[in-house]
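Notes follow the structure.
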Amino acid sequence: MSRTYTLLLSVLLVLGITATSSWAQEILSKKITVHATDSEVRDVLAEIERQANVRFTYIPSVIGASRKVSIHADDAAVLEVLQQLFGNTITFIPVDKQPEIVLMPADASARIPSQPEQSYDISISGTVVDENGNPLPGANVIERGTTKGTTTDNDGNFSFAVGEGSVLVFSFIGYLTKEVPVIDYTDLIVTLTPDSRTLQEVLVVGYGEQERQAITGAISSINARELVNTPVANVSNALAGRMSGLLVKHTSAEPGEDEPLIRIRGIGTFSGSQDPLIMVDGVRVENFSSIDVNEIESINILKDASATAVYGVRGANGVLLVTTKRGRKGRPTFSFSSNLAFSKFIDMRKYSDSYSWANGYNEALQYDSYVTQSIYKPRWTEEELELFRTGADPIFYPNTNWIDLMMKPVALQYRHNFNVSGGVETFRYFVSLGMLNQGGLFNDEIMHPDHSSQIRFRRYNFRTNLDFDVTSRFSIKVNLSTQIEERRGPAVGEEPGNGTGQIIANMERVPPVMSPGWVDGKVVNVHDFHGGNPLVRLLQGGQNERFDNTLNGIIRFDHKLDFLTPGLSAHATISYRHNDSQLKRRSKELVVYNAKRLPDGSVSLVPQGLGSPYYFSEDVNVNTTSYLEAGFDYARSFGAHNVSMMLLYNQEKTVDPTLEFLVPHGYQGVIGRATYDFRNKYLAEINIGYNGTENFMEDKRFGIFPAYSI
Numbered sequence: 029m030s031r032t033y034t035l036l037l038s039v040l041l042v043l044g045i046t047a048t049s050s051w052a053q054e055i056l057s058k059k060i061t062v063h064a065t066d067s068e069v070r071d072v073l074a075e076i077e078r079q080a081n082v083r084f085t086y087i088p089s090v091i092g093a094s095r096k097v098s099i100h101a102d103d104a105a106v107l108e109v110l111q112q113l114f115g116n117t118i119t120f121i122p123v124d125k126q127p128e129i130v131l132m133p134a135d136a137s138a139r140i141p142s143q144p145e146q147s148y149d150i151s152i153s154g155t156v157v158d159e160n161g162n163p164l165p166g167a168n169v170i171e172r173g174t175t176k177g178t179t180t181d182n183d184g185n186f187s188f189a190v191g192e193g194s195v196l197v198f199s200f201i202g203y204l205t206k207e208v209p210v211i212d213y214t215d216l217i218v219t220l221t222p223d224s225r226t227l228q229e230v231l232v233v234g235y236g237e238q239e240r241q242a243i244t245g246a247i248s249s250i251n252a253r254e255l256v257n258t259p260v261a262n263v264s265n266a267l268a269g270r271m272s273g274l275l276v277k278h279t280s281a282e283p284g285e286d287e288p289l290i291r292i293r294g295i296g297t298f299s300g301s302q303d304p305l306i307m308v309d310g311v312r313v314e315n316f317s318s319i320d321v322n323e324i325e326s327i328n329i330l331k332d333a334s335a336t337a338v339y340g341v342r343g344a345n346g347v348l349l350v351t352t353k354r355g356r357k358g359r360p361t362f363s364f365s366s367n368l369a370f371s372k373f374i375d376m377r378k379y380s381d382s383y384s385w386a387n388g389y390n391e392a393l394q395y396d397s398y399v400t401q402s403i404y405k406p407r408w409t410e411e412e413l414e415l416f417r418t419g420a421d422p423i424f425y426p427n428t429n430w431i432d433l434m435m436k437p438v439a440l441q442y443r444h445n446f447n448v449s450g451g452v453e454t455f456r457y458f459v460s461l462g463m464l465n466q467g468g469l470f471n472d473e474i475m476h477p478d479h480s481s482q483i484r485f486r487r488y489n490f491r492t493n494l495d496f497d498v499t500s501r502f503s504i505k506v507n508l509s510t511q512i513e514e515r516r517g518p519a520v521g522e523e524p525g526n527g528t529g530q531i532i533a534n535m536e537r538v539p540p541v542m543s544p545g546w547v548d549g550k551v552v553n554v555h556d557f558h559g560g561n562p563l564v565r566l567l568q569g570g571q572n573e574r575f576d577n578t579l580n581g582i583i584r585f586d587h588k589l590d591f592l593t594p595g596l597s598a599h600a601t602i603s604y605r606h607n608d609s610q611l612k613r614r615s616k617e618l619v620v621y622n623a624k625r626l627p628d629g630s631v632s633l634v635p636q637g638l639g640s641p642y643y644f645s646e647d648v649n650v651n652t653t654s655y656l657e658a659g660f661d662y663a664r665s666f667g668a669h670n671v672s673m674m675l676l677y678n679q680e681k682t683v684d685p686t687l688e689f690l691v692p693h694g695y696q697g698v699i700g701r702a703t704y705d706f707r708n709k710y711l712a713e714i715n716i717g718y719n720g721t722e723n724f725m726e727d728k729r730f731g732i733f734p735a736y737s738i
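In my numbering, the protein residues as written are 29 to 738.
And the structure:
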């Protein structure tokens, strides 16, 4: 115990404790409310930490951390609550300029000497090893409270300079973080303990699950809790920079058109699709961007051949596995989340005003005359330039900022989700309802009253995942989900949003002198320049609307076959996906007006055409995909030997009228896997996939895809 106190006192010396500073008073005077009945001291301290945003450092046996107490304090200072907990037996020592309080016996604080100013002139060295004494290369070593640190070399060694009495923080993936006060400066031996919670974590792999410590393939994973607070409409974009080996390229921020480019470890094919295979709850989907992030439990990516071989040729570009949430036994748990976001252009150019542009145009003509040896004739006279400068004639000599006219400063995006989960011993449920709305950045005030060309995207999500334990051996899982999407945008291209780039490009290209743009609700032209009035391109086409509705259903049956042999089980999965889309096009010829000066000096807006009746067209497409899977699983331990095996058959068929000759797209495969490990230390895995599709010639449709890892 005396050595423990010595180490703790060393920490206090480094941190520079002062019990009488204004900083200490600020921490101890924070107001909190605590109500605890027959609770352990450590739990009360944890509640104080949460409310006061402070951290306690203590030795549990010294303060009686497991002692049961009852305390009730309303809007009381931290110091008052601590005094109720400990009376005069413990001294509360705030760490200077740190949100930390050290709890020490009352008679120990008097033995703390003053500490001189810290300096970095002490060199330390040592080795970081695991529980078996093997070196850990690449472990992080950081001086606590600073950004000063290093990493261990291939032999687990490290060395760098720290301040006297420092505390070192050692961390390594898969191991518990450890803090060590510096007493000896050379030949430190630091042993890190494996994090059993991380090693025992179960990850989703191809057609199954494995404990993290038994995985030999290259797999990265992320928990959806890390993504749910990201205010993006598309969950794919939230993955950027969060998983090793995953490239996410954001190609557009337009509402409803922000599907990113996803690559796993680069490009695996030279022709055809280079996108990874995406599986949601074990069933292939085209993309998972339409799933509400609040429905997702975890996302795993399979990166190397040993992990993707079971998917055959479809896994050549990597595999992305999405697992949705399920209910757990317990009382119903309700959750509601809502977020509001603002979108805007962050890198818009600053454009010239009319006077600067027209003056520059004249200068360019003058320079051209030097080269061509021709007579210089300015496009704008000095009187006209003055009209541009003063704005005295805003119709014939306008100063139009097309960005300000056609765009608004910000657009709103809001997302709401409500879900409930719970269950009993034999039945569990998870139900989720979600809604997303993204607004566009075009100016609503200039839109046609009958068919707005404003961009908008709305999505509605519904999911229910049910688990039934029919008997102790037989269980059923039912997943039902639907995504309803509505896209709206200017009808420049065939689809909503296709012509947005053309509109913005034209808006940036047209000079400010061309037209006043919008006068008394009319589109007005004055001068003719390359590209024409950008308002015409925005409003002429009218409006495109697209509605997509995707319904997914999955039923999985699991049956334990322990009565035949322990560890044997069978499962079967049936899935059906129905997607229908509807595209509506509405347009009406836009009447453009030319401005004319009348003899009396007034201005007349002369229509250039009579307009046209509304044009309407509609396209409807329906496609379906059915999937069947059945297989056996075996997992058993024989002393220090652990083995598992899987044998599975699956098939998929897609019916889509857009396919060539209306021929359905089919896929069949047989998959096998065997794993072995000895004491969770020596691991081996063999995967093999035999699958094919009618995309290839009859004698070349099937192939064998084996892989192993040791």
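Cβ coordinates follow ideal geometry from the N, Cα and C atoms, glycine included.
Comparing C-alpha distances from VAL62 to each of TRP546, ALA104 and LEU56 shows the shortest one belongs to ALA104. Here the alpha carbon of HIS444 sits roughly 10 Å from the alpha carbon of ASP320. Under DSSP, LYS206 shares a beta bridge with PHE198. Within the DSSP secondary-structure output, PRO222 pairs in a beta bridge with TYR203.
By the CB criterion at 9 Å, ASN580 and ARG605 fall inside the cutoff. Each residue's CA atom was taken as its position, placing ARG172 and PRO127 some 14 Å apart. Taken through DSSP and simplified to helix, strand or coil, LEU267 comes out as helix.
Contact between GLY245 and LEU330 is confirmed by a C-beta separation of about 7 Å, below the 8 Å threshold. Within the model, the alpha-carbon separation for GLY269 versus HIS669 is close to 38 Å. Rounded to the nearest whole angstrom, the C-alpha separation of GLN302 and ASP548 is 51 Å. One thing to note: ARG491 has its Cβ no nearer than 9 Å to the Cβ of PHE455. Here the stretch 644-654 lies against the stretch 597-604, with 3 or more beta-carbon pairs under 8 Å apart. Per DSSP, the unbroken beta strand (DSSP E) holding ILE60 starts and ends at 59-68. By the Cβ rule, the stretch 156-168 counts as touching the stretch 187-203, because three or more pairs are nearer than 8 Å. With 16 or more other Cβ atoms from the protein chains shown falling within 10 Å of its own Cβ, GLY659 counts as buried.
Straight through space, the alpha carbons of LEU494 and LYS357 are spaced by roughly 12 Å. Cβ-Cβ separation between VAL554 and MET542: approximately 7 Å, consistent with a contact (criterion under 8 Å). Each of TRP408, VAL399, ILE170 and ASP332 was checked against the Cα of ASN390, and the nearest Cα belongs to TRP408.
Where ALA533 is concerned, there is no enclosing beta strand (DSSP E), although the alpha helix (DSSP H) around it starts and stops at 528-537. Straight-line spacing of the CA atoms in ASN257 and ALA369 works out to 12 Å. Note on the stretch 436-473: whole beta strand (DSSP E) runs with a minimum of 3 residues are 439-451 and 455-467, in chain order. LEU579 has THR510 and HIS606 as its beta-bridge partners, per DSSP. When Cβ pairs closer than 8 Å are counted between the two stretches, the stretch 303-314 is seen to touch the stretch 335-355, the count reaching three or more. The shortest C-alpha to C-alpha distance from VAL620 to any of SER632, LEU611, LYS612 and SER609 is the one to SER632. The residue from VAL634, ASN577 and ARG664 with its alpha-carbon nearest to that of PRO594 is ARG664. Sequence-distant partners of LEU348 (beyond 5 residues in either direction) whose C-beta falls short of 6 Å from its own C-beta, in its chain, are PRO304, ILE306 and ILE329.
For VAL554, there is no enclosing alpha helix (DSSP H), since its DSSP letter is neither H nor E. If you draw a straight line from the Cα of SER481 to the Cα of VAL564, it is about 11 Å long. Under a 10 Å Cβ-count criterion, ALA519 is classified as buried, with 16 or more other Cβ atoms of the shown protein chains found around its own Cβ. Setting aside the 5 residues that flank it on each side, SER318 is surrounded in the same chain by GLN511, each with a C-beta closer than 6 Å to its C-beta; the list follows chain order. In the three-state scheme derived from DSSP, where H, G and I count as helix and E and B as strand, PHE373 is classed as coil.
By DSSP's assignment, SER363 forms a beta bridge with ASN447.
DSSP, reduced to helix, strand and coil, places ILE76 within a helical segment of the structure shown. Secondary structure note for ARG565: its alpha helix (DSSP H) is the uninterrupted segment 562-568. The Cβ neighbour count for VAL691, taken over all protein chains shown within 10 Å, is under 16; the residue is labelled exposed. Counting only the Cα atoms, TYR736 lies some 28 Å from LEU589.
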